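Quick notes on the structure that follows.
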Amino acid sequence: MFSYYLDLALRSLRRNRVLTALMVLAIALGIGASMTTLTVLHVLSGDPLPGSSDTLFYPQIDPRDMDGYEPGKEPPRQVTWTDGQNLMRAKRGDRQALMTGGAVPVQPAQSGMEPFYGDARYTTADFFPMFKVPFLYGHGWSASDDESKARVVVITRTLNDKLFGGKDSTGQTLRMKDLAFQVIGVLDSWRPNPHFYDVYMGNYAAAEDVFVPLSTSRDAHFDHNGSTDCWGTGGGDQEHAETSPCVWLQFWVQLDSAAKVASYKEFLTHYSQEQKSLGRFERPPNVRLPDLMEWLDINKVVPGDVRLQTWLAFGFLLVCLVNTVGLMLAKFLRRAGELGVRRALGASKREVFSQLLVESGVIGLAGGIGGLVLAFTGLWLVRLQPSNYASLAHLDVKMLLITFLLAIGSTLLAGLLPAWRACQITPALQLKSQ
Amino acid sequence: MLQIKPILAALKRHKAGTVLIALQIALTLAIVCNALFIISQRLDRVHRPTGLVESDLMAIQNRFVGTEENNAAPLIKADLAALRQLPGVQDVVAVNSYPLRGGGWSTGVRTDVDAKDSKAHTTQYFGDEHTLATMGVRLVEGRNFRSDEIVEADPQAIPDPAAIIVSKALADKMYPDGHALGKTLYIGDSKKPSTIVGIVERLQVPWNGTWSDSFYENSLIQPVQLTSAFTNYLIRAKPGQLGDVLKAAPAALVKVNRMRVIPSDRGVRTFAEVREHAYKGDRGMAILMGVVCLVLLGITAAGIVGLTSFWVGQRRKQIGVRRALGATKHDILSYFLTENLLIGVAGVVIGALLAIAMNLWLVTQYEMARLSVPYVLVGVAALLLLGQGATLAPAMRASRVPPVEATRSV
Chain A
5 MFSYYLDLAL RSLRRNRVLT ALMVLAIALG IGASMTTLTV LHVLSGDPLP
55 GSSDTLFYPQ IDPRDMDGYE PGKEPPRQVT WTDGQNLMRA KRGDRQALMT
105 GGAVPVQPAQ SGMEPFYGDA RYTTADFFPM FKVPFLYGHG WSASDDESKA
155 RVVVITRTLN DKLFGGKDST GQTLRMKDLA FQVIGVLDSW RPNPHFYDVY
205 MGNYAAAEDV FVPLSTSRDA HFDHNGSTDC WGTGGGDQEH AETSPCVWLQ
255 FWVQLDSAAK VASYKEFLTH YSQEQKSLGR FERPPNVRLP DLMEWLDINK
305 VVPGDVRLQT WLAFGFLLVC LVNTVGLMLA KFLRRAGELG VRRALGASKR
355 EVFSQLLVES GVIGLAGGIG GLVLAFTGLW LVRLQPSNYA SLAHLDVKML
405 LITFLLAIGS TLLAGLLPAW RACQITPALQ LKSQ
Chain B
117 MLQIKPILAA LKRHKAGTVL IALQIALTLA IVCNALFIIS QRLDRVHRPT
167 GLVESDLMAI QNRFVGTEEN NAAPLIKADL AALRQLPGVQ DVVAVNSYPL
217 RGGGWSTGVR TDVDAKDSKA HTTQYFGDEH TLATMGVRLV EGRNFRSDEI
267 VEADPQAIPD PAAIIVSKAL ADKMYPDGHA LGKTLYIGDS KKPSTIVGIV
317 ERLQVPWNGT WSDSFYENSL IQPVQLTSAF TNYLIRAKPG QLGDVLKAAP
367 AALVKVNRMR VIPSDRGVRT FAEVREHAYK GDRGMAILMG VVCLVLLGIT
417 AAGIVGLTSF WVGQRRKQIG VRRALGATKH DILSYFLTEN LLIGVAGVVI
467 GALLAIAMNL WLVTQYEMAR LSVPYVLVGV AALLLLGQGA TLAPAMRASR
517 VPPVEATRSV
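Order-wise, the sequence lines are chains A and B.
At position 199 of the first sequence (counting the first as 1) the number is 203 in the working numbering, and the numbers step up by one without a gap.
At position 104 of the second sequence (counting the first as 1) the number is 220 in the working numbering, and the numbers step up by one without a gap.
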């Protein structure tokens, strides 16, 4: 029966080529636009660390003075050096890392290569196991390296390819800012999206080129990049960043169970109270403990324009569907005579209904394929854009499936009303007017 | 007008089709109005003048390597001297930033030393007495910096300047009476006053995102030559010689001193490229919105053509009867046009409400202004005209139905 309906549908569609083309085109455009924007949105709002993102938390505490105090306002989005060190020493999480970003002059040993500035991350030892960073060669550093301000460095695969021709460079020396560092690890390809651990370095930036212990970076007077927020007499002077009232570090903590999360939050409140009684904090305790995905939401990491485009595209799809409903209605009702004959010859309402639905399904399928082609084209265009997330815009299997479901689902939905209306035709009336 | 009653009666028999067309017009109007509004907002932003003479201007981003971070003053001096000697170069300045660069300094400024909150937010440009001439900004009041006012300073410890030059926008904000020249400002948390010695007509901030919209023309130039290893050279070429300077300048810099990094990507740019890059996102969004609007209008028009054609086909007999009873071709034509107008009016009324609702929602979600009425009116007019245009072809066909149709197989 299905193949018969299919045959009928194809015949009917062929009879009215312009109308069919118009419907398919409308669906294809709607689907293409929606899927392009939805894919970009999907890529941008993805989980950077699937599987472990729900155990990673970003503690926020409020160390500021009473200037501009409003109860319930969000605490700063970074921590001071003192608080960072205190929280590190407290070791209340399963793992914790204190970090910030910067740029260091890299001086290649090869004579032919010009010196250049590399993006750097200054962090503590737990960074690598906590964020499940994959290593190609070697390993990260240890807490004792942090302690001793060891001159060690972990570099990315890209930098290793550039400087050492892709060979195992552990044990080699890398000169940065006129100081010698020993390479102890080379990362495998790693690009968490978004760049969640420091949203001030570009939300979708690639991982840094070099990773250096935080203590070493201070010792070596490496430049700090990113946001520095000061209050009171704070001046943002890099040389005295340890003591000035400025937040400029990110602190992440891994908490493996809900009980630990609750007790960590309590610890943060206690800590704030303690600091207040010591006179360091002036505000009443104001702590937050968002997990990784909540943290990305708070920071509105997904660009507003991208969400706006997605809404626009779905509005567009809606208009295309309404358009298709209208055209299909016209088409089905125009065939009232033919349908009347079929009904008179014994086809039940249900059979006529499913026949018409098959026809709208065929349009949906064709529109879906067209939409997919358009979505590929759209994503290709997105990748030509200059934004730093552009290169990430690719259709994955999940989105591919959603495209087809969306196309066929929406056209079947669009076919429901016209098919139902066409079934209501009284055969007798139609036969009489023939 | 006499025809409205029978038209309404006929539409009642085509409820589904009527509702669908009205709905489609309404949705299209809502989307098109908002899209047009977004386009115009983006275009307004793209066309904001920087205050610079942008032709014959270029920028080089430079970072010295192997020097103490904030000890680059002699190196910068040598660079400036080398660049000034190039034949095509008219003027050069080393600045921390420039309009549309995307990154720079900002601070609050006060007129009252004891005020806790700043009166306005402004960007800070640091440069010497060549800044105005190189940028090509127009001095409307006061004077330029004298060379003896320029100090060299570590970016970590910039002395409060005695003399500053401000943009007109900042001057008016700080001293609304229009007499800012000679008055003083306090920069950031400083307790030392800085005297406004010059006012420039216009000078945009380095950013062009929505967050800087509230102060995008508030600029302040301090007579400071920063000594940081990271600096930007702005170079004004002699008229028509930008192409030569674009090649000669970086080569000259490398000849002076090889220990530097000029990024291969966007390290050397004409100001046209700077502008192009700064507004790429806004322009892209505007084009996308424009394309969506056009396609949407096209689809809606096609939908109206399709449905009206169907109605015409369905009513051939009735049209024949009307023609046989004395209706003119013109009567038939106007019947269909009026019918479409009625549906269109219903659609645009709903659509206008939807457009406003959609805009109110967008205002809460994104940094966006309220939709202004003219956009809705333009959208309404466009959709009504589109409906009439789309109906015209099927209606003409209807008017050509011969009266003899009435006699065929009733």
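Glycine included, C-beta positions come from ideal geometry on N, C-alpha and C.
These numbers were taken from a predicted model, which means no experiment stands behind them.
Within chain A, the C-beta atoms nearer than 7 Å to that of Arg179/B come from Tyr121, in chain order. Taking 3 residues as the shortest admissible run, the segment 190-218 of chain B contains the following complete beta strand (DSSP E) segments, listed from N- to C-terminal end: 205-211.
Bounds of the alpha helix (DSSP H) holding Arg347/A are Ala340 to Ala348. If the five residues before and after Leu127/B are omitted, its C-beta is found closer than 6 Å to the C-beta atoms of Thr134, all from its own chain and listed in chain order.
Each residue's CA atom was taken as its position, placing Arg352/B and Asp360/B some 12 Å apart.
Contact between the segment 425-432 of chain B and the segment 511-525 of chain B is present: 3 or more CB-CB pairs across the two stretches fall below 8 Å.
For the alpha helix (DSSP H) assignment, the uninterrupted runs of no fewer than 4 residues enclosed by the segment 217-255 of chain B are, from N- to C-terminal side, 247-251. Here the alpha carbon of Lys153/A sits roughly 46 Å from the alpha carbon of Ile281/B. Exposure of Asp228/B is indicated by the presence of fewer than 16 other C-beta atoms within 10 angstroms of its C-beta. DSSP, read as helix, strand or coil, puts Asn178/B in strand. With a cutoff of 8 Å on beta-carbon distance, Phe139/A and Val83/A are scored as not near each other.
Counting only Cβ-Cβ distances below 8 Å, Pro80/A has no contacts in chain B at all, with the closest Cβ about 18 Å away. Not a single CB atom of chain B sits nearer than 8 Å to the CB of Leu417/A.
For Pro431/A, the closest alpha carbon among the candidates Gly382/A, Arg354/A, Leu420/A and Ala348/A is that of Ala348/A.
Remark: C-beta atoms of Gly371/A and Gly419/B do not approach each other more closely than 8 Å. Within the segment 143-170 of chain B, contact with chain A at the beta-carbon level (separation under 9 Å) is assigned to Leu143, Thr144, Ala146, Ile147, Asn150, Ala151 and Ile154. With fewer than 16 other CB atoms across the displayed protein chains lying within 10 angstroms of its CB, Phe6/A is exposed. In the three-state scheme derived from DSSP, where H, G and I count as helix and E and B as strand, Phe261/B is classed as coil. Here Asn178/B is near Thr347/B, since their CB atoms are less than 8 Å apart. Neighbours of Gln313/A in chain B, taken as residues at a C-beta separation under 8 Å, are given in chain order as Met401 and Leu404. In the three-state DSSP reduction, Arg125/A falls in the strand class (E or B). From the beta-carbon of Cys324/A, the residues of chain B found nearer than 7 Å are Ile415. Residue pairing from DSSP places Ala184/A in a beta bridge opposite Arg179/A. Taking every protein chain shown into account, the CB of Asp150/A has 16 or more other CB atoms within 10 angstroms, so this residue is buried.
The segment 155-166 of chain B makes no contact with the segment 370-380 of chain B; the number of CB pairs closer than 8 Å stays below 3.
Put simply, the segment 107-126 of chain A does not touch the segment 38-46 of chain A. Fewer than three CB pairs are less than 8 Å apart. Taking all protein chains in view, the Cβ of Arg524/B is surrounded by fewer than 16 other Cβ atoms within 10 Å, so the residue is classified as exposed. Taken through DSSP and simplified to helix, strand or coil, Asn229/A comes out as strand. In this structure, the CA atom of Gly436/B is about 20 Å from the CA atom of Ile120/B.
In this chain, the alpha helix (DSSP H) harbouring Leu376/A covers Lys353 to Arg387. Inter-residue distance for Arg385/B and Leu173/B is about 9 Å (C-alpha atoms, whole angstroms). The DSSP-derived three-state label of Ile266/B is coil.
Take the alpha-carbon of Tyr291/B and the one of Leu316/A: they are about 43 Å apart.
DSSP places Pro422/A inside the alpha helix (DSSP H), whose first and last residues are Val401 to Cys427. Every unbroken stretch of the alpha helix (DSSP H) spanning 4 or more residues and falling wholly within the segment 326-378 of chain B is given here in chain order: 358-372. The DSSP-derived three-state label of Ile274/B is coil.
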